[in-house]
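K.L.:
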Amino acid sequence: MFSKIFSKAHSSNVVHFNSRYFSAIKRHAHILGYPFAGGQGRQGPELSPGWLFEQPWIQPRDGLTLEMIDVSNPSSNITPDKSIVHGHRFGQKNWNNVLHSCQKLEEATESTLLKDHFPIVFGGDHSQGIGSINGLKNVYPDARVLWVDAHIDANTPLSTPSGNVHGCPVGYLSGLFPYVKKPVLSLKHLIYFGIRSWEPEEKQLVDDNQIPWFRSEDCLVERMDEIKASVEAHMFPDGVKVPYWISFDIDGVDYHEFQSTGTPESLGLTIKFMLKFLEVFLPESVGMDFTEVNFLMSQGEQTEKDKETIKFLLEYIIDKIHQQDFKYNHSNYPKNQ
Ligand SMILES: [Mn+2]
């Protein structure tokens, strides 16, 4: 398809390319603010998108737009939920709110991708993955998911000790526990980075399904070529590449480098590694989650330092999206794969 368009442009000496098929078009980042905290028990994650949207450095401009999702009961993170299933240890707190809000996020993610824009879903807690990745899969059913996190996030109402849905998105997306949506994520199409805290059932799941996971100590900038090669060998065994989605929980980063998050853990990824990771995988991704930022979890100078880190990371991400060649967009993506 490309060669046909380019040969036509050459023969007439006039560049009449259809921008849909032009592989070096400047990409457009669309930030979806998801001010939702009901997937966990702390106040704070619901405030982060509002903070972000007020920052002078993130204001809409050429190639960047912002949209706030209208979630239900953003701060109702301690509401008892009548949908808890009896017989399970705790069930799922706020399930109705989670599901209702994720439905809106799913629609917004899908429509962003259908416009060939790059959604950055800025939460909010990681229950958002249920909405964003369902939206992703409506457009790119075969997309692979890179899950950057301290946690496996594959609990179900049967295994979660807390009942917090932010520890369960992979469990729902992959069909470990039934809910109103069909399973969309094959465990063969998932790789973890930085995990170091889990329930026994989750670790069993990772082992039984041989889901690759990169420990923080192996996530070194100088090993990135090796990491990329093994990601590709696992994700694309037949040699045909398809797009990634990056689900980035900031608690994947080491506590010593970032503290404004609800469940900080030491022995995590470095910011330096994350920059390399984003440089390597963003060009082949169609969108991402950026979750679990909670500035109420830190104080004073640390909060200011963490705000600078978010600014640095987001500006880096937006730059990388804008610099890259347009490897995947909905309009030129082969259908019926
Ligand atoms: Mn998470």
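Numbered by my numbering, the letters in the sequence shown go through residues 587 to 923 in order. C-beta: ideal position from N, C-alpha, C; glycine also.
Which residues in the same chain have their Cβ closer than 8 Å to the Cβ of residue 789, if we skip the five residues on either side of it in sequence?
P.N.:
By one-based count along the sequence shown, residue 789 stands at place 203. Here the set comprises 738.
K.L.:
Measuring only between beta-carbons, confirm whether residue 622 sits less than 8 Å from chain C.
P.N.:
Among the chains of the structure shown, chain C does not appear; only one protein chain is present.
K.L.:
By alpha-carbon positions, which one of 621, 825, 650 ends up nearest to residue 636?
P.N.:
Counting from 1 along the sequence shown, the entry for residue 636 is found at position 50. Ranking 621, 825, 650 by Cα distance to residue 636 puts 621 first.
K.L.:
Classify residue 787 as helix, strand or coil using the three-state DSSP reduction.
P.N.:
If you number the sequence shown from 1, residue 787 lands on position 201. In the structure shown, residue 787 sits in a helix (DSSP, three-state: H, G or I).
K.L.:
Classify residue 684: buried if its beta carbon has 16 or more other beta carbons within 10 angstroms, exposed otherwise.
P.N.:
Taking the first residue of the sequence shown as 1, we reach residue 684 at position 98. Counting Cβ neighbours within 10 Å, residue 684 comes out buried, since at least 16 surround it.
K.L.:
Grab the span of the alpha helix (DSSP H) containing residue 865 for me, first residue to last.
P.N.:
Walking along the sequence shown from the start, residue 865 turns up at place 279. 857 to 867 is the extent of the alpha helix (DSSP H) around residue 865.
K.L.:
Out of 804, 878, 706, 687, which has the shortest C-alpha to C-alpha gap to residue 908?
P.N.:
One-based indexing of the sequence shown puts residue 908 at position 322. Residue 908 has its Cα closest to that of 706, out of 804, 878, 706, 687.
K.L.:
Please state if the CB of residue 816 and the CB of residue 752 are separated by a distance shorter than 8 Å.
P.N.:
Here residue 752 corresponds to residue number 166 of the sequence shown, with the count starting at 1. Here residue 816 corresponds to residue number 230 of the sequence shown, with the count starting at 1. No, the pair does not count as a contact, with Cβ atoms beyond the cut-off.
K.L.:
Select from 906, 919, 920 the residue whose C-alpha is nearest the C-alpha of residue 649.
P.N.:
Counting from one through the sequence shown, the residue named residue 649 turns up at place 63. The residue with the shortest Cα to Cα distance from residue 649 is 906.
K.L.:
Let me make sure I understand the geometry here. Which of 829, 619, 910, 821 has the alpha-carbon closest to that of residue 709?
P.N.:
Residue mapping note: residue 709 aligns to position 123 of the sequence shown, counting from 1. The candidate whose alpha carbon is nearest that of residue 709 is 619.
K.L.:
State yes or no: is the C-beta of residue 840 nearer than 7 Å to some heavy atom of ligand 1?
P.N.:
In the sequence shown, counting from the first residue as 1, residue 840 sits at position 254. Residue 840: no, Cβ never under 7 Å from ligand 1.
K.L.:
How would you call residue 782, buried or exposed, if buried means at least 16 neighbouring beta carbons within 10 angstroms?
P.N.:
Taking the sequence shown and counting its residues from 1, one reaches residue 782 at position 196. Buried.
K.L.:
Would you list the one or two residues that DSSP bridges to residue 830?
P.N.:
Locating residue 830 in the sequence shown gives position 244, counting from the first residue. DSSP lists 730, 871 as partners of residue 830.
K.L.:
Any heavy atom of ligand 1 closer than 7 Å to the Cβ of residue 878?
P.N.:
Within the sequence shown, numbered from 1, the residue matching residue 878 stands at position 292. Checking every heavy atom of ligand 1 against the Cβ of residue 878, one is found closer than 7 Å.
K.L.:
In angstroms, rounded to a whole number, what distance separates the CA positions of residue 758 and residue 860?
P.N.:
Along the sequence shown, one-based indexing puts residue 758 at 172. Along the sequence shown, one-based indexing puts residue 860 at 274. Roughly 26 Å separates the two Cα atoms.
K.L.:
Under a Cβ-count criterion, where at least 16 other Cβ atoms within 10 Å of its own Cβ denotes burial, should residue 692 be classed as buried or exposed?
P.N.:
Taking the sequence shown and counting its residues from 1, the one referred to as residue 692 is at position 106. Residue 692 is buried by the Cβ-count criterion.
K.L.:
Residue range of the beta strand (DSSP E) that residue 778 falls in?
P.N.:
The residue given as residue 778 occupies position 192 in the sequence shown. Where residue 778 is concerned, the enclosing beta strand (DSSP E) stretches over 776 to 779.
K.L.:
Taking contact to mean at least 3 C-beta pairs separated by less than 8 Å, is the stretch 858 to 875 in contact with the stretch 822 to 834?
P.N.:
The stretch 858 to 875 vs the stretch 822 to 834: in contact.
K.L.:
Taking the beta carbon of residue 623 as the centre, do at least 16 other beta carbons fall within 10 Å, making it buried, or is it exposed?
P.N.:
Within the sequence shown, numbered from 1, the residue matching residue 623 stands at position 37. Buried is the call here.
K.L.:
Please report the residue range of the beta strand (DSSP E) in which residue 919 lies.
P.N.:
Taking the first residue of the sequence shown as position 1, residue 919 is located at position 333. First-last for residue 919: undefined, no H or E at that position.
K.L.:
Rounded to a whole number of angstroms, what is the C-alpha to C-alpha distance between residue 632 and residue 711?
P.N.:
By one-based count along the sequence shown, residue 632 stands at place 46. By one-based count along the sequence shown, residue 711 stands at place 125. One C-alpha to the other measures close to 8 Å.
K.L.:
Going by DSSP, what residue range makes up the beta strand (DSSP E) through residue 746?
P.N.:
In the sequence shown, residue 746 corresponds to position 160, counting from 1. It is not in any beta strand (DSSP E) - residue 746 carries neither H nor E in the DSSP assignment.
K.L.:
Within this structure, are the beta carbons of residue 736 and residue 804 separated by less than 8 Å?
P.N.:
Along the sequence shown, one-based indexing puts residue 736 at 150. Along the sequence shown, one-based indexing puts residue 804 at 218. Going by C-beta atoms, residue 736 is not nearer than 8 Å to residue 804.
K.L.:
How would you call residue 681, buried or exposed, if buried means at least 16 neighbouring beta carbons within 10 angstroms?
P.N.:
In the sequence shown, residue 681 corresponds to position 95, counting from 1. Classification for residue 681: buried.
K.L.:
In whole angstroms, what separates the C-alpha of residue 885 from that of residue 844?
P.N.:
Taking the first residue of the sequence shown as position 1, residue 885 is located at position 299. Taking the first residue of the sequence shown as position 1, residue 844 is located at position 258. Those two C-alpha atoms are separated by around 12 Å.
K.L.:
Classify residue 890 as helix, strand or coil using the three-state DSSP reduction.
P.N.:
Within the sequence shown, the letter at position 304 stands for residue 890. In this structure, residue 890 counts as helix in the three-state DSSP scheme.
K.L.:
How many Å lie between residue 919 and residue 727 at the Cα?
P.N.:
Walking along the sequence shown from the start, residue 919 turns up at place 333. Walking along the sequence shown from the start, residue 727 turns up at place 141. About 11 Å.
K.L.:
Exposed or buried, residue 840, counting other C-beta atoms within 10 Å across all chains shown (16 or more means buried)?
P.N.:
Residue numbering aside, residue 840 sits at position 254 when the sequence shown is read from its first letter. Buried, since its Cβ has 16 or more Cβ neighbours within 10 Å.
K.L.:
Quick one: using the 10 Å Cβ neighbour count with 16 as the cut-off for buried, is residue 616 buried or exposed?
P.N.:
Counting from one through the sequence shown, the residue named residue 616 turns up at place 30. Label assigned to residue 616: buried.
K.L.:
From which residue to which residue does the alpha helix (DSSP H) around residue 810 run?
P.N.:
Counting from one through the sequence shown, the residue named residue 810 turns up at place 224. Start and end: 810 to 821.
K.L.:
Mind checking whether the beta-carbon of residue 820 lies closer than 7 Å to any heavy atom of ligand 1?
P.N.:
As a working mapping, residue 820 is identified with position 234 in the sequence shown. No, the beta carbon of residue 820 sits no closer than 7 Å to any heavy atom of ligand 1.
K.L.:
Would you mind working out which of 697, 703, 657, 642 sits nearest residue 981, comparing C-alpha positions?
P.N.:
With the chain covering only 587 through 923, there is no way to say anything about residue 981.
K.L.:
Do you know how far the Cα of residue 733 is from the Cα of residue 834?
P.N.:
Taking the first residue of the sequence shown as 1, we reach residue 834 at position 248. Taking the first residue of the sequence shown as 1, we reach residue 733 at position 147. If you take the alpha carbons of residue 834 and residue 733, they lie about 6 Å apart.
K.L.:
Return helix, strand or coil for residue 719, following the three-state DSSP convention.
P.N.:
Taking the sequence shown and counting its residues from 1, the one referred to as residue 719 is at position 133. Helix, per DSSP.
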